[in-house]
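*Asks:* Be aware that the sequence shown starts at 16, since it is given in the working numbering, and climbs by one per residue.
Quick one: this structure, given as structure tokens, is what I'll be asking you about.
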Amino acid sequence: YGITDLVAKTDTANTFVALQTFNSLNTYAANATQLANPGAPTITQIGTPGATLWRYRIVAKLADGNTTAGGTLGFTSTGNATLDATNKNSLTWSAVTGASSYDVYRTTVGLVPSTTGKIANVTSPAYIDAGAAGDSAAAPTVNNTGSINAATGTYGTINATTAAIGTSSVSGDQTVGGTIAAAGQITNLNFLDVSRPPYSADMTGSAVSTTALNNAITDAVASGKDVYVPSGTLKIGSTIAITGKVRIFGDGKDTGGTKLLWSGASSPMMTITGVYRGLTLRDLLFDGNNAATICLFIDSSQSGHYENIKFTKFVTTGMKTTGATAPMKGNTFLNVGAVSTTAGDSCFWLSGVNGASDTTLNTFIGLQIDMTGGTRQGIRLGGCDQNLFFNTWIYTDDAASHGVYCDPSETTGNARPNGNIFNGLVAGIGGWYQPSTAASFLSNNFVYGYGKSNGEPDPQLNGTHTLTWDDEYGNRTTSAAVTGSYVIAQNYTTASVNGVGVRASAYGSTFMTTYLAQGDSAAVGTFNGIPLANSGILAFQNTDTAVIGTNSNAPIVLATGSSEKARVSTSGFSIGGGTAIAKVLNTSVTWNVPSTAAGSYAFSDVTFTGVGSNDVLLVTPANFYGLMVVSWVDTNTVRLQYYNISGATQDPPDYTFQITAIRF
């Protein structure tokens, strides 16, 4: 209960004449109060509105000067650039029980005044900022508020024959040190400690504690509490099967953290089967002990959160996902990694049953993969689509082991890797690989920022595949082993346009290297001996050749520097027969990024005319100044939200973001 010492106070006239020993000692309950952090203030602009962003935090205080931490940030983006008696910001907030006053902090440097820090202390939950100067101090980040009221009665007795107070002939205050040990769960906490009774899991790794962990999970599902696995090693002898919503957390995935160690036969360590929304795993290391087939298997779970997890020493796969019951979708994976030490199959395998029941619409942020044991794939893309990957790092010491592998075995129905987007990918010396397979396997995936600075090869693609990609410098490139992003014509090895030859690829697909067509008069050129039509585009009849068709007068320029145009209209275009892209929008915005503590986040809503709630967003850069930026979209609005993934508070400068919206 937080009691670390007992204080016995005597009058100066009394002394202890000898060592005193007590067989029992009464303790008294103290009524402790602590102020709650204030909520975000509501800011109302008075006077002439503008476009200046002003931010404020509120700190509650006790009469003795103790304070809460700074409250939730409140802001207005329509403030006047100059605050004065006419143009000002009116702040109101909810009162905090027990507070005697409030400090008001302005945290954004505006135009006039230009200072931040504490600008006022008020006794009621309201204040009008008419341009008061700040003291440049930051709002406190730690709640140091506490007061102890008088004891109200005997709370209990400590029995200890060795509890001695004082020495011979003492006076004044005397302090007695000691500790209080409690067995069992602490009932007023929101988690169950698997190491304490009634579960009593062994955290030294000596004894198998499968039953203890299973029982704690069962009780947590029933009670709504979390399961806490403290630092140490918990040995698992059989599969932990999770069949309900639960949150399991440890003390970290690295040295000194929480390790789940496999000691069973060839089976998965943990399975999650069923549609359970909100399931959470974090701060855990899964050690397969070179025997577990899969560390974590997730089937159909939705809207879950998986953070700071590592998989190692697995035989087949670190983590496999699928959608046998329903789509495995809406989950977030943050700072999840895998270390391969055996010749396994894949570190991460995104699988599925068919196009309607697969791994889809999940977000992976900061995947870290280290392949040093001959694993064939870092990320295996099977039956999965429309997953987003941000800042993915893969290392391998074997060029035959691929960083990202598109699995041709999962081509039943619509089950195939399709529409997955990587924003920042270092795929290792094995790179991205799409092997030869049936023509029905068309994986329209996207990579923006494909790392090549450490000798990584270009993506290796089969001629029936398509992949949109560019390197980390924004260059869209091809090589002899790559068909490239845009197929213009296929199945001809020789052709000419206006007498100029067209290059054939190593896979038998023809690509344009000169103008496709010129001229507004009839028969100005030929393609494989067939005259070009008056519009500059020929309807290629019976040529078995993929071309652009026209049926309206919307212009498209085909040749740089030429005044000739072909007339084309389309409701969208597709790459390799995949999902049609109907529209691409782009904008830029400069954000005054606020200072943020490690592990915290903030956001800014910006207007993006024309964007829709179902559009796919790309925000660059994906990582800057130790911050991770993600986005959310609604009609004509984009929310930029960043996470401070560094280990310290960051205060970056203003930054201009490029935002691209893709509509399918």
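All residues carry an ideal CB built from backbone N, CA and C; glycine is no exception.
If you drop the 5 nearest sequence neighbours on each side, which residues of the same chain put their C-beta closer than 6 Å to that of Leu440?
*Replies:* Closer than 6 Å at the Cβ level, and outside the excluded window around Leu440, lie Thr407, Val462, Tyr465.
*Asks:* Using a Cβ-Cβ cut-off of 6 Å (strictly less than) and excluding sequence neighbours within five positions of Thr93, which residues of its own chain qualify?
*Replies:* Gln60, Pro64
*Asks:* Could you tell me the boundaries of the alpha helix (DSSP H) in which Ser238 lies?
*Replies:* Looking at the DSSP string, the run of the alpha helix (DSSP H) that includes Ser238 is 225–238.
*Asks:* Rank Ala613, Ala612, Val648 by C-alpha distance to the C-alpha of Gly625 and give the top, closest one.
*Replies:* Restricting attention to Ala613, Ala612, Val648, the CA atom closest to the CA of Gly625 is found in Val648.
*Asks:* Which ranges would you report for the beta strand (DSSP E) in the region 608–662 if only whole runs of at least 3 residues count?
*Replies:* 616–622, 631–635, 642–649, 652–659
*Asks:* When you compare the CB positions of Lys344 and Thr375, do they come within less than 9 Å of one another, or not?
*Replies:* Contact flag set, yes.
*Asks:* I'd like to confirm the pairing. Which residues does DSSP put opposite Ile257 in its beta bridges?
*Replies:* Ile287
*Asks:* Mind checking who Tyr410 pairs with in its DSSP beta bridge?
*Replies:* Partner residues in the beta bridge of Tyr410, as assigned by DSSP, are Asp385.
*Asks:* Is Arg678 helix, strand or coil by DSSP?
*Replies:* strand
*Asks:* Using a Cβ-Cβ cutoff of less than 6 Å, which residues in the same chain neighbour Arg678 once the five nearest sequence positions on both sides are dropped?
*Replies:* Ala597, Lys598, Asp630
*Asks:* May I have the straight-line CA-CA distance separating Asn350 from Asn477, to the nearest angstrom?
*Replies:* 32 Å
*Asks:* Is the separation between the beta-carbon of Ala84 and that of Pro155 shorter than 9 Å?
*Replies:* yes
*Asks:* Determine, using beta carbons only, whether Ser210 and Gly271 come nearer to each other than 9 Å.
*Replies:* no
*Asks:* Kindly identify the DSSP beta-bridge partner or partners of Gly132.
*Replies:* Arg121
*Asks:* Can you grab the Cα-Cα spacing for the pair Ala307 / Phe326, in whole Å?
*Replies:* 11 Å
*Asks:* Please tell me whether Ile257 and Ile232 are closer than 9 Å, where the distance is taken between their beta carbons.
*Replies:* yes
*Asks:* Only counting the same chain, and skipping five residues up and downstream in sequence, which positions put a Cβ closer than 8 Å to that of Leu88?
*Replies:* Ala55, Arg70, Tyr71, Arg72, Thr122, Pro609, Ala617
*Asks:* Using a 10 Å radius around the Cβ and a threshold of 16 neighbouring Cβ atoms, would you call Asp422 buried or exposed?
*Replies:* Its Cβ being crowded by 16 or more others within 10 Å, Asp422 is buried.
*Asks:* Where do the N-terminal and C-terminal ends of the beta strand (DSSP E) with Asn369 fall, by residue?
*Replies:* 367–369
*Asks:* Here's the rule I'm using: 16 or more other beta-carbon atoms within 10 Å means buried, otherwise exposed. How should Arg262 be labelled?
*Replies:* buried
*Asks:* Between Lys467 and Ser589, what straight-line distance do the alpha-carbon atoms span, to the nearest angstrom?
*Replies:* C-alpha of Lys467 to C-alpha of Ser589: approximately 27 Å in a straight line.
*Asks:* Go ahead and label Asp400 buried or exposed: buried means 16 or more other beta carbons lie within 10 angstroms of its beta carbon, across all protein chains shown.
*Replies:* Buried, because 16 or more other Cβ atoms sit within 10 Å of the Cβ of Asp400.
*Asks:* Label Pro432 either buried or exposed according to how many other C-beta atoms from any shown protein chain fall within 10 Å of its C-beta, with 16 as the threshold for buried.
*Replies:* With at least 16 other beta carbons inside 10 angstroms of its own, Pro432 counts as buried.
*Asks:* If you scan the region 421–446 from start to end, which runs of the beta strand (DSSP E) of 3 or more residues do you find wholly inside it?
*Replies:* Qualifying beta strand (DSSP E) stretches, in chain order: 436–441.
*Asks:* Between the alpha carbons of Trp108 and Thr57, how many angstroms are there, rounded?
*Replies:* If you take the alpha carbons of Trp108 and Thr57, they lie about 6 Å apart.
*Asks:* Select from Gly434, Ala145, Phe405, Ala235 the residue whose C-alpha is nearest the C-alpha of Gly397.
*Replies:* Gly397 has its Cα closest to that of Gly434, out of Gly434, Ala145, Phe405, Ala235.
*Asks:* Per DSSP, which one or two residues make a beta bridge with Gln665?
*Replies:* Residue pairing of Gln665 in beta bridges, as defined by DSSP: Thr611.
*Asks:* Around the C-beta of Asn722, are 16 or more other C-beta atoms found within 10 angstroms, so that it is buried, or is it exposed?
*Replies:* With the chain covering 16 to 679 only, the question about residue 722 has no answer from this structure.
*Asks:* Where Gln665 and Tyr658 are concerned, what is the direct C-alpha to C-alpha distance, given to the nearest angstrom?
*Replies:* 10 Å
*Asks:* Buried or exposed for Val157, please, with buried defined as at least 16 other CB atoms from any protein chain shown within 10 angstroms of its CB.
*Replies:* exposed
*Asks:* May I ask you to list the residues that DSSP assigns as paired with Arg72?
*Replies:* Tyr120
*Asks:* For Val604, which residues from the same chain have a beta carbon less than 6 Å from its beta carbon, with the 5 sequence-adjacent residues on both sides left out?
*Replies:* Around Val604, the same chain offers Val621, Phe672 as residues with beta carbons nearer than 6 Å, after the five sequence neighbours per side are excluded.
*Asks:* Residues in the same chain with beta-carbon distance under 8 Å from Gly220, minus the five sequence neighbours each way, listed in chain order, please.
*Replies:* Cβ within range, chain order: Gly247, Thr248, Leu249, Lys250, Lys274, Leu276.
*Asks:* Go through its chain and collect everything with a Cβ distance to Ser416's Cβ below 8 Å, but skip five positions before and after it.
*Replies:* Met386, Gly389, Thr390, Arg391, Gln392, Gly393, Gly443, Gly445
*Asks:* Anyone know if the C-beta pair for Leu299 and Gly333 falls short of 9 Å?
*Replies:* no
*Asks:* Can you grab the Cα-Cα spacing for the pair Thr82 / Leu382, in whole Å?
*Replies:* Between Thr82 and Leu382, the C-alpha separation is close to 40 Å.
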